[in-house]
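As given, the protein sequences belong to chains A and B, one line each in that order. Residue numbers for the first sequence follow my numbering, beginning at 9 and rising by one. Residue numbers for the second sequence follow my numbering, beginning at 26 and rising by one. All C-beta atoms, glycine included, are put in the ideal place defined by N, C-alpha and C. Computed from a predicted structure; not experimentally measured.
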Amino acid sequence: MIRPIFTPLQRILHWVTAVCVLAMLFIGVGMVSTVMPKYLTLVSIHKPLGIAILVLVLIRLAVRLLRGAPPLPADLPESLKLAAHLSHYLLYVLLIAMPLIGWGMLSAAAYPVRLYPGFYLPAILPQSDRLHTILWNAHYFLAFAFFALILLHIAAAFFHLLVRKDGVFETMASVSGSPSK
Amino acid sequence: MPQSKPAAASATRSLILIALLVGAAAAAFAYTAGWLSPARLTPNRMVDAFTPPGGPPLGHRRNHAKGICFTGVFESNGAGTELSRAQIFARGEYPALGRLNLGTPDANAADASVRVRGMGLQISAPDGEKWRSAMINAPVFAVSTPQAFYQLLLASKSKAPNAMPTFVAAHPEFGGFAAWAKNGPWTGSYAEERFNSLDSFIFEDSKGTSHAVRWSLVPAAQPVPVPPEELATRGPDFLEQEITRRVQGGPVRWTLIVTAANPGDPTADPTRPWPPDRRTIEVGTLIARQIEAERDGPCRDINFDPTVLPAGIKTSDDPFPAARSSVYAKSYDLRTAEAADYPRAVIGGAP
Numbered sequence: 009m010i011r012p013i014f015t016p017l018q019r020i021l022h023w024v025t026a027v028c029v030l031a032m033l034f035i036g037v038g039m040v041s042t043v044m045p046k047y048l049t050l051v052s053i054h055k056p057l058g059i060a061i062l063v064l065v066l067i068r069l070a071v072r073l074l075r076g077a078p079p080l081p082a083d084l085p086e087s088l089k090l091a092a093h094l095s096h097y098l099l100y101v102l103l104i105a106m107p108l109i110g111w112g113m114l115s116a117a118a119y120p121v122r123l124y125p126g127f128y129l130p131a132i133l134p135q136s137d138r139l140h141t142i143l144w145n146a147h148y149f150l151a152f153a154f155f156a157l158i159l160l161h162i163a164a165a166f167f168h169l170l171v172r173k174d175g176v177f178e179t180m181a182s183v184s185g186s187p188s189k
Numbered sequence: 026m027p028q029s030k031p032a033a034a035s036a037t038r039s040l041i042l043i044a045l046l047v048g049a050a051a052a053a054f055a056y057t058a059g060w061l062s063p064a065r066l067t068p069n070r071m072v073d074a075f076t077p078p079g080g081p082p083l084g085h086r087r088n089h090a091k092g093i094c095f096t097g098v099f100e101s102n103g104a105g106t107e108l109s110r111a112q113i114f115a116r117g118e119y120p121a122l123g124r125l126n127l128g129t130p131d132a133n134a135a136d137a138s139v140r141v142r143g144m145g146l147q148i149s150a151p152d153g154e155k156w157r158s159a160m161i162n163a164p165v166f167a168v169s170t171p172q173a174f175y176q177l178l179l180a181s182k183s184k185a186p187n188a189m190p191t192f193v194a195a196h197p198e199f200g201g202f203a204a205w206a207k208n209g210p211w212t213g214s215y216a217e218e219r220f221n222s223l224d225s226f227i228f229e230d231s232k233g234t235s236h237a238v239r240w241s242l243v244p245a246a247q248p249v250p251v252p253p254e255e256l257a258t259r260g261p262d263f264l265e266q267e268i269t270r271r272v273q274g275g276p277v278r279w280t281l282i283v284t285a286a287n288p289g290d291p292t293a294d295p296t297r298p299w300p301p302d303r304r305t306i307e308v309g310t311l312i313a314r315q316i317e318a319e320r321d322g323p324c325r326d327i328n329f330d331p332t333v334l335p336a337g338i339k340t341s342d343d344p345f346p347a348a349r350s351s352v353y354a355k356s357y358d359l360r361t362a363e364a365a366d367y368p369r370a371v372i373g374g375a376p
């Protein structure tokens, strides 16, 4: 039987996002735990990379809505199907929310939102210590939730590849342009 | 679905492999976050080291906790364009927002009890860029590295009788600052203080050439030395009361003087002054026109992070601006979350 897989554009977008988001999370926890000069380097990557991820995920969402996704295997238990769908909704929510929360948090603290020297984003919120605190906490705790969700995503992907051997892993990991046999 | 024994064993092996993979990723994350490195100097540890015995100054900056806001302008004379293409150096007037402060973690410290006085400053350019800096009145910084600064904080808090002598012996570079702290003049006004960047930065001119610089705000008012014993008789808030009265009587000015390094001058170590013959350029005048209490003032929720710089100014190999940026951010996150402990007096005041 021929199983449909994600389109090449979707696969490219997925893997670019994957690399960016993992880098982002490591840079995030790394930068807030150092006082060394690399702090500034990491912050200067974190901000433009966050905005890049936001742009990337919006493109990805549009492509997903246009092209859809291959169906999950018919024999996958309903509970796992539900978990798969929920976790993917959550991933999309976090991919969109985290950059916006970060941008809003910097805005509420009256920091210039600099992507690179001389190029700034406008503030999306007024200066406010209350908003800053809410958004800072959200950014911090959601980052760990995001990483945990990604670990779950990776574990599930390998579960499909190694244990169930049901072709779900290959829908995103195939290198070829054509559906796998 | 019934599984054969080899298939079940293979599935178990696969699950163990997956668990190892996820565990390794989690461990790498924990390592990056510093959870496995108790000795790593983090912003949290530096902020904790400032905490006085009575607890942190809730709602306030973790250091330089006592301060007062001012607003005014920076009048640029255009001379700075030779060294930096930042718009702020083009001839003109730019809004300035600042905070005169005391280098103490006690928000209620008596003004005469604090040796280090500081100024946080933000100058805004029409193109939206901001130049923030935080300067102090000492002519040199106390230590050469953020790690040594952390050791200094621990030693100065330590109850061990030999903690400070041991620190001083291990850090001869502390001598310059210590000599100033002991013998330097005290004044009766923020307006008579010279505020120094101490840290080195890089100015980039319009041709792309880099210039290592430090800068100072030199007071227009003539400094009048006053013995600290006499200052102690003037009341706990005399500096704030004095600057308020003085600015009510007319604007208070400082000249911004940029000093350019010669090749080979030490930029990475703020304890090492540059030779006095280095070229200096007067680039403009800071004019304070209004004083406001910090509680409801415009400087309260500004983080005077010295790495908020316009295009045309960059950090150098001096390690302090990065360390200050990371620690100031932590202090900012803490104090803005503690706003209820430092309530605003004006309902509907600045958020």
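Practice problem: Could you check the C-alpha separation between L46(B) and L99(A) for me, to the nearest Å? | Solution: By 1-based counting over the second sequence, the position of residue 46(B) is 21. By 1-based counting over the first sequence, the position of residue 99(A) is 91. L46(B) and L99(A): Cα-Cα distance of roughly 20 Å.
Does E178(A) pass the burial test, meaning 16 or more other C-beta atoms within 10 Å, or should it be called exposed? Within the first sequence, residue 178(A) is the residue found at index 170, counting from 1. Burial call: buried.
**Prompt:** By the 10 Å Cβ neighbour count, where 16 or more other Cβ atoms means buried, how is E424(B) classified, buried or exposed?
**Reply:** With chain B running from 26 to 376 in the structure shown, residue 424(B) is simply not present.
Pairs of beta-carbons, one from the stretch 180-190 of chain B and one from the stretch 235-245 of chain B, closer than 8 Å: are there three or more?
no
* To do: Could you please give the first and the last residue of the uninterrupted alpha helix (DSSP H) stretch that includes K184(B)?
  => By one-based count along the second sequence, residue 184(B) stands at place 159. Per DSSP, K184(B) belongs to no alpha helix (DSSP H) and is neither H nor E.
- Query: Using DSSP with H/G/I as helix, E/B as strand and the rest coil, what is R110(B)?
  - Reply: Along the second sequence, read from residue 1 onward, the residue named residue 110(B) stands at position 85. Three-state result, R110(B): coil.
Residue-chain proximity (K155(B), chain A), Cβ-Cβ < 8 Å: Against the second sequence, residue 155(B) aligns to sequence position 130. Yes - at least one Cβ of chain A is within 8 Å of the one on K155(B).
- Task: Output the residue ranges of the beta strand (DSSP E) runs that lie fully inside the stretch 162-246 of chain B and measure 3 residues or longer, sorted by chain position.
- Result: 226-229 and 235-244
key: Per DSSP, cross-strand counterpart(s) of S158(B)   = For this step, residue 158(B) is matched to residue 133 along the second sequence. Paired residues: L146(B).
Item to complete: Specify the secondary structure class of C28(A) as computed by DSSP and reduced to three states.
Response: Taking the first residue of the first sequence as 1, we reach residue 28(A) at position 20. In this structure, C28(A) counts as helix in the three-state DSSP scheme.
| request: Would you tell me roughly how many angstroms separate the C-alpha atoms of E267(B) and S214(B), rounded to the nearest one? | output: Against the second sequence, residue 267(B) aligns to sequence position 242. Against the second sequence, residue 214(B) aligns to sequence position 189. So the two alpha carbons sit approximately 7 Å from each other.
Coarse secondary structure for W60(B), derived from DSSP in three states: In the second sequence, the residue the question calls residue 60(B) occupies position 35. Note: W60(B) maps to coil in three-state DSSP.
Got a sec: which bits of the stretch 50-65 of chain B sit with their beta carbon under 7 Å from any beta carbon on chain A, in order along the chain?
-> A50, A51, F54, T57, A58, G59 and R65
- Item | Per-residue contacts from F167(A) into chain B (C-beta, under 9 Å) | Counted from its first residue, the first sequence places residue 167(A) at position 159. By Cβ distance, chain B contributes S39, L40 and I43.
| message | So N126(B) contacts chain A; which residues on that side make the cut at Cβ distance below 8 Å? | response | Here residue 126(B) corresponds to residue number 101 of the second sequence, with the count starting at 1. Those within 8 Å of N126(B) in chain A number zero; the least Cβ separation is about 18 Å.
Item to check | Range of the contiguous alpha helix (DSSP H) that encloses Y119(A) | outcome: Looking up residue 119(A) in the first sequence gives position 111. Taken as a continuous stretch (DSSP letters only), Y119(A) belongs to no alpha helix (DSSP H), as it is neither H nor E.
| field | T340(B), enclosing alpha helix (DSSP H) - first and last residue | value | Here residue 340(B) refers to the residue found at position 315 of the second sequence. First-last for T340(B): I338 to T340, but that is the beta strand (DSSP E), not the alpha helix (DSSP H).
Practice task
Could you please tell me which residues of the stretch 108-120 of chain B, in chain order, have their CB closer than 7 Å to any CB of chain A?
Solution key: none
Subject >> Every unbroken alpha helix (DSSP H) inside the stretch 250-307 of chain B [4 residues or more] >> reply: 253-256 and 263-273
**Q.** Cβ of W111(A) within 8 Å of any chain B Cβ
**A.** Start at 1 with the first residue of the first sequence, and residue 111(A) comes out as number 103. Closer than 8 Å: no.
With V98(B) as the anchor, note down where its beta strand (DSSP E) starts and where it stops. Indexing the second sequence from 1 puts residue 98(B) at position 73. Run containing V98(B): K91 to S101, per the beta strand (DSSP E) assignment.
Length of the line joining the Cα atoms of F95(B) and H22(A) | Locating residue 95(B) in the second sequence gives position 70, counting from the first residue. Locating residue 22(A) in the first sequence gives position 14, counting from the first residue. Looking at the two C-alpha atoms, the distance is approximately 50 Å.
Opening and closing residue of the alpha helix (DSSP H) in which L150(A) lies
By one-based count along the first sequence, residue 150(A) stands at place 142. From DSSP, the alpha helix (DSSP H) with L150(A) extends over D137 to F166.
**Report entry** Endpoints, alpha helix (DSSP H) assigned at F177(A)
**Finding:** The residue you call residue 177(A) lines up with position 169 of the first sequence. Note, F177(A): alpha helix (DSSP H), V176 to A181.
Let me check one thing: in DSSP terms, what residues is R68(A) bridge-paired to?
The sequence position of residue 68(A) within the first sequence is 60, counting from 1. R68(A) is not bridged to any residue.
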